[in-house]
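Per the working numbering, residue 1 is the first one in the sequence shown, and the count goes up by one each step.
The C-beta atom is built at its ideal place from N, Cα and C for all residues, glycine as well.
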Amino acid sequence: ENFKDGDVVDYDFLKKNGLIMKKSNPIKILGNGKLTKKITVKANYFSRSAAAKIEKAGGKVEVI
1 ENFKDGDVVD YDFLKKNGLI MKKSNPIKIL GNGKLTKKIT VKANYFSRSA
51 AAKIEKAGGK VEVI
């Protein structure tokens, strides 16, 4: 897993971990896969399923 409890996942985190290359496009979080960590995600868009999974795991969704 790329995430630890309490991580704040934003543009800088994604770039540092090689998950995105550049910021020219908005970040959209999709609900694929499983999430077991309590994280805060800051992105431009979230699918309904992504937001639900993040919140179900105890995390936060922040639209930027």
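Which same chain residues, not among the five before or five after residue i, have their C-beta less than 8 Å away from its C-beta?
i	result
residue 7	13, 37, 39, 40
residue 65	This structure gives no information on residue 65, because the portion of the chain shown stretches from 1 to 64.
State buried or exposed for residue i, treating a residue as buried only when at least 16 other CB atoms are found within 10 Å of its CB.
i	result
residue 59	buried
residue 50	buried
residue 53	buried
What residue from the options has the CA that sits closest to residue i's CA?
i	options	result
residue 2	26, 28, 33	33
residue 35	57, 61, 19	57
residue 30	23, 47, 15	47
In three-state DSSP terms, what is residue i?
i	result
residue 28	strand
residue 43	strand
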